[in-house]
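Chains as they are written, first to last, in our numbering: chain A, 123 to 484; chain B, 123 to 484; chain C, 123 to 484.
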């Protein structure tokens, strides 16, 4: 695969590219991710490789010797976790992934600390981080900012990799990866993701995880997608256009309970009221009939899994937690493993992990 | 010792148990602490073992080789320091203890960061931490919360250990351990803690360290306890009941200067005005006659020690700091050593430390 | 060199000493820095040694093996980064330096966390840090505070070293070191710093980096200094007195564009409006004619370097960044290397680095 280099395209030209054309700019010559910015940059074989690597890391991590091996892989590197938009879950997950790989992390996650950098442009701040660290994990409320910084750094002496850990309403690619990994693990003994039915529920208009996962699922043959939400929160047309283009079967509907028995995976989401454009906008929508309650456990298949990107509010009753089909806690932990796999791959240490696995755990 | 397991008792039943009955639920099968939640879970022989281990760690830590050995013990583990109630002193002490053992730590100690997790229940937040880490050190203003989370996690797939680093007004067990360690070190050459006279001074009504230490001292024969405070801040009856039950000699009094010459250890405390139930409540109490001033150094024995859990305000004059009997700074550093010993013991690395000590330092 | 010890002088006497007399109190017996508190403590040969060591560290750090060697040097030590006055840039630079040397760092940089320590004196807080850590890097808005704490700790059982990472308006010695290192690297092939012309521009009244660098440049023969600023922000007389005493040639002037062609190094600074003594004080000064714009690139020599301590506002146009003479980004990264060299030297590991370098990279 020929690498397309970010420093060989003008920013204005780059911006106009559709997502699928941008992907190759974020890859290394051998197809490994260089930057991780959008879900659209991941091909099916890369997804499979990441899932396999995550599982191997998870198994290696069970022994002290294995953990010591993992921690030796990137002990010579430093990562900056730039969480100017706070998110404890994503932050801690990345932080733990860095710790597993021995990658030394520093952080900005306090709004007060970052406001101190006021008077300096955001671009200069990120360039500062690039001076001291070998990778930036970036979460920001600004749509497209991670892409812009990846382009900008590519034109400096220190074009270090960037991972987008959530930017604005549009992209959260590592969340999509952990969702895929959770589906892959859950359906490992039932033929994999292909042919399964996935049901998205809740705030589908503004949930970036839904957008990304819906797209990645088009890489798997014969997956049927249901979008179940009140009209105000229903998925946007651009997501459906994407499915049409990929000739995927999907259904847009409102009757939560009717669809339940069809699903192999139920992907619950919370109301993203932080994106409300006017005060109380979300509260006017009655979402209560889209809650997964204890009694719904009787309406789903014995091997259906229930997912949620978390945090949850009332979308899933706490009583559901103890059911073996409740997959959201394990899903969260999967995030740590797939992020570990991703970072190891970016730095080209995947082969070494594979070799260790073959030698010690096969 | 038969282990009583937290996942084999209902929460409602567990809550009704007296403290002494709860202790066994926090132990491992071999009597090592699993969770560390209340001072009452520590028996005399465990206290002795922890003190001995702390001293050995302290000596091992004097050489680079020793520090490298210690840092290898838990380099495969990760700890979450969840300080939603900030406390720099306790936080840094635990953080340093983790660093000594190679235990990789992550933290939440910024109220702004934790408020971001709003909308999520505290229980879900702690469960999140348990997904990524191997131990949680938890400081919270909520009485009983650490216990509740220990019970809750025991009923999940990741029942990781919890250390209570201060919860509400009731418990701060590792503070009690460092106090015991300080007494044990100070009285090492004068027959140990047994038979000594300990004088508690200041806000005895609300100081959780006093409650815990007073209890642990009942494990040592013939210790006399004095409680010296103005009436409004005098120790509560439940502490005295505990002493009556253990047939311990104690005195409740108000005359600070009269008791000074009797004490082998003087435990000063500050006014805990953060627990005031109405504005200015503490300010109405005149505590100035309970201050330890430079001239009081002439009224105490040549080998009496002066302790304070810190931070201090005016309870102890700065001029006292240089007197060799001022033990509070060393007491604070003891906290780092005893916490290191405690964590090493929880993870079963105490024997390895003992073996290293015998081989290299005996 | 005979060591003068901080614990052998009274605080009142120490305070009265001129800066140059204070320096020796901050050195070890062999001339290595013990504390790093003021730019005036550095002699020419120490500057040369630090620059050489920084360059060696930088080269060693290019390989994984080299990074592992560096990280083994101080893996048995712990550092406290006490940034009660926030500064992301200086903080991250020191943090990265600690990571490079394997030095385990803890931090206070959140005003909310430190305000929690209220009720405790700042002196007691620093003494707390000294109990758990082996070095304190301290940034504070209080002039002279780092010196005071160095003196105070010298009179305790744990007289650990302190690095001043910026105190009030007066001192920021490690910034001066990185400026010297940047000049030394930039002029390596053109005869070194001696004989060069350095032009300071901007807020010279309140920029502590200018004060320190101006002083250190007196250690290099025949350096000419220009101070170019509006009258209100012009350098203070004490800096000029210092230059007079050292018989250094300097010019105080206002015409930015006229001086540009003379300079070998142009040191731009921003308006330090955080030190305004009244609302809007800085805004009344028109600084726009002291901005370095893209067109100025044509007015400077082909090998002149442009420096800036950062953060910048409008003092330097972003268009200038791509010119090879723009040295400010590399200057910032130099800060990480010189701080690494400094810490290694303080702990006496410079010789070991030199030996590794001779063996592996010469």
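Just so it is clear, CB atoms sit at the ideal spot from N, CA and C, and this is done for glycine as well.
These figures come from a predicted structure and were not determined experimentally.
- Using a Cβ-Cβ cut-off of 9 Å, residue 429/A does not count as an interface residue toward chain C, since no Cβ of chain C sits closer than that to its own.
- Three or more Cβ pairs drawn from the region 251-261 of chain A and the region 202-213 of chain A lie within less than 8 Å of each other, which places the two stretches in contact.
- The C-beta separation of residue 465/A from residue 219/A comes to about 6 Å, placing the pair in contact by the 8 Å criterion.
- Rounded to whole angstroms, residue 414/B and residue 262/C show a C-alpha spacing of 31 Å.
- In this structure, the straight-line span from the alpha carbon of residue 420/C to that of residue 407/C is close to 27 Å.
- Taking a beta-carbon distance threshold of 9 Å, residue 250/A counts as an interface residue toward chain C.
- Neighbours of residue 214/B in chain C, taken as residues whose beta carbon is under 9 Å from its own, are 202, 228, 230, 250, 251, 253, 254 and 255 in chain order.
- Taking C-beta separations shorter than 8 Å and ignoring five residues to either side along the sequence, the partners of residue 439/B in its chain run 413, 414, 415 and 416, following chain order.
- According to the DSSP assignment, residue 378/B belongs to no beta strand (DSSP E) but to the alpha helix (DSSP H) extending over 378-381.
- In this structure, DSSP gives residue 149/B an extended state, which the three-state scheme calls strand.
- Using a Cβ-Cβ cut-off of 9 Å, residue 312/B does not count as an interface residue toward chain A, since no Cβ of chain A sits closer than that to its own.
- At a cut-off of 9 Å, the C-beta of residue 186/B has a neighbouring C-beta in chain C.
- Beta-bridge analysis with DSSP links residue 161/C to no other residue.
- Residue 433/A and residue 215/C have their alpha carbons spaced roughly 34 Å apart.
- For residue 191/C, the CB contacts under 7 Å within the same chain, skipping 5 residues up- and downstream, are 182 and 478 in chain order.
- Assigned with DSSP and collapsed to three states, residue 437/B falls in coil, not helix or strand.
- Boundaries of the beta strand (DSSP E) around residue 322/C: 319-323.
- In terms of Cβ geometry, residue 323/B and residue 378/B form a close pair [threshold 9 Å].
- Take the alpha-carbon of residue 224/B and the one of residue 196/B: they are about 5 Å apart.
- In the assembly as shown, residue 400/B is an exposed residue. Its beta-carbon has fewer than 16 other beta-carbons within 10 Å.
- Annotated as proximal: residue 295/B and residue 160/B, with beta-carbon spacing under 9 Å.
- Setting aside the 5 residues that flank it on each side, residue 304/A is surrounded in the same chain by 427, 429, 449, 452, 453 and 456, each with a C-beta closer than 8 Å to its C-beta; the list follows chain order.
- Residue 325/C and residue 165/A have their C-alpha atoms roughly 53 Å apart.
- Listed along chain A are 186, 189, 190 and 193, each with a C-beta nearer than 9 Å to that of residue 197/B.
- The residue among 388/A, 318/A and 274/A with its C-alpha nearest the C-alpha of residue 134/A is 274/A.
- Assignment of residue 155/C by DSSP, reduced to helix, strand and coil, places it in the strand class.
- DSSP, read as helix, strand or coil, puts residue 221/C in helix.
- Chain-order list of chain C residues neighbouring residue 241/A: 433 and 435, by C-beta distance under 7 Å.
- For a Cβ distance threshold of 8 Å, residue set 432, 433 and 434 of chain C lies close to residue 246/A, ordered along the chain.
- Here residue 212/B is buried, its C-beta having at least 16 other C-beta atoms within 10 Å.
- Among the residues of chain C, those whose CB is under 7 Å from the CB of residue 217/B are 228, following chain order.
- Non-local C-beta neighbours of residue 300/A in its own chain, meaning closer than 6 Å and more than five positions away in sequence, comprise 456, 457 and 460, ordered along the chain.
- In the three-state scheme derived from DSSP, where H, G and I count as helix and E and B as strand, residue 206/B is classed as coil.
- For residue 455/B, no Cβ of chain A is located within less than 9 Å of the residue's own Cβ.
- Taken in chain order, the unbroken stretches of alpha helix (DSSP H) that lie wholly in the region 220-302 of chain A and span 4 residues or more are 233-237, 244-254 and 267-276.
- In terms of Cα proximity to residue 241/A, the closest of 444/C, 437/C and 172/C is 437/C.
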